[in-house]
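A.B. asks: Here it is: the structure, laid out below.
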Amino acid sequence: MYDSTAVRVPFVHELTELYRYRFLLWNLISRDLKVRYKRSVLGFLWAMINPLLTMLVLLIVFMQLFRFQVEHYPIYILSGILLWGLFSRGTSVAMRSVLDNSGIRKQIYIPASVFVAAAIGSALVNLLFALVPLLLLAVASGLPPRLAWLYLPIPILQTALFAFGVGVTIAALAVFFADMLDIYEVALSAYFYLTPIIYPMSILPPLLSDLEQFNLAYHFIDAFRLPLIEGVLPSMSSILVPTLAALLLTVAGWSLFTRLSDQFAYRT
């Protein structure tokens, strides 16, 4: 039974509760996917088709507007879109998750972080579906399967961790500041164009190129592209430093979320 007066250690309590409610977490992910594709004729195939259509549009537009040359550019764009989609969709849904599920939480105790995790989990499952056309297109483009491809799940999990850290932070803030919902969407659009997803890092001026070293999304997308396109693994420093930064962000954001969670019921 849930005891609201019990002494809880921030972050640790939420982590324990998330594990206890892991079956509910999976049911929420499953529900989100079913609802999303319920009325669709193609169903889950849209998880594969959407990134391909986006890639085609960007490919046509940017190859006409810009003169830069990127080897295996379709794979370059699609790989960036997939990881960005995990981050952007996951965080956008996570931001609204506490507000959208306030009615359920007022009827029965459910850790609020479960809804945030479900948003990230749903985006992660969508990405797993989309990996199929990405890998097939890579092979068709002359990139044979390599041992380095076994590393691909790592940057995916790093991106999911980063998305969860951002998600719990903005989900907590959105409960208290309604403007956060609109502010974040604008910030997300700016973040997309400031990250080398549809253009190569080489076209950026030195100052912006240096600033990209602090961009976690860039590091994780680049770590995904290296083994996929070039068949090499990222350096150890480029693996550990961004991962540690994402972990610290998650701990800080989740601790804030935990401290504010007792007030969610009065604000929603």
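Quick note: the sequence shown, position 180, residue 161 per our numbering, numbers continuous. Backbone N, C-alpha and C fix where the C-beta goes; we use that ideal spot for every residue, glycine too.
(1) How many angstroms separate the CA atom of A226 from the CA atom of I179?
(2) Can you look up Y90 in the DSSP assignment and give me helix, strand or coil?
(3) I need the boundaries of the alpha helix (DSSP H) containing E(-2), first residue and last residue.
(4) If I follow the unbroken alpha helix (DSSP H) through W235, where does it start and stop?
(5) Compare the Cα-Cα distances from D243 to each of P92, S170, V167, G123 and report the closest residue.
(6) Reducing DSSP to helix, strand and coil, say where I178 ends up.
(7) For the alpha helix (DSSP H) that contains H200, what are its first and last residues?
(8) Within the same chain, show all residues whose beta-carbon is closer than 7 Å to that of D13, passing over the 5 residues directly before and after it, in chain order.
(9) I'd like to check one pair, R127 with G212: are the Cβ atoms closer than 7 Å?
(10) Could you compute how far the alpha carbon of T239 sits from the alpha carbon of L229?
(11) Count the other CB atoms within 10 Å of the CB of E(-2); is the residue buried (16 or more) or exposed (fewer)?
(12) How is R127 classed by DSSP in three states: helix, strand or coil?
(13) Can you give the Cα-Cα distance for R3 and S94, rounded to whole angstroms?
(14) Decide if N107 is buried, meaning its Cβ has at least 16 other Cβ atoms within 10 Å, or exposed.
(15) What span of residues does the alpha helix (DSSP H) with I151 cover, start to end?
(16) If you reduce the DSSP assignment to three classes, tell me which class G66 lands in.
(17) Just to confirm the assignment, what range does the alpha helix (DSSP H) spanning P187 have?
C.D. replies: Let me lay it out:
(1) The alpha-carbon of A226 is positioned some 24 Å away from that of I179.
(2) DSSP places Y90 in the coil class of the three-state scheme, outside both helix and strand.
(3) In the DSSP annotation of this structure, the continuous segment of the alpha helix (DSSP H) that includes E(-2) starts and ends at -7 to 1.
(4) Per DSSP, W235 is one residue of the alpha helix (DSSP H) stretching across 217 to 242.
(5) Nearest to D243 by alpha-carbon distance, out of P92, S170, V167, G123, is P92.
(6) Correct three-state label for I178: coil.
(7) Looking at the DSSP string, the run of the alpha helix (DSSP H) that includes H200 is 197 to 206.
(8) Apart from the 5 residues on each side of it in sequence, D13 sits with its Cβ closer than 7 Å to the Cβ of A99, S103 in its chain, given in chain order.
(9) A contact, by the Cβ cut-off of 7 Å.
(10) Cα to Cα, the separation comes out at about 15 Å.
(11) Counting the other Cβ atoms within 10 Å of the Cβ of E(-2) gives 16 or more, which makes it buried.
(12) Of the three classes helix, strand and coil, the one that applies to R127 here is coil, per DSSP.
(13) Near 11 Å, if we compare the C-alpha coordinates of S94 and R3.
(14) With 16 or more other Cβ atoms within 10 Å, it is buried.
(15) Run containing I151: 134 to 157, per the alpha helix (DSSP H) assignment.
(16) DSSP places G66 in helix when its eight states are reduced to three.
(17) Taken as a continuous stretch (DSSP letters only), the alpha helix (DSSP H) holding P187 covers 187 to 192.
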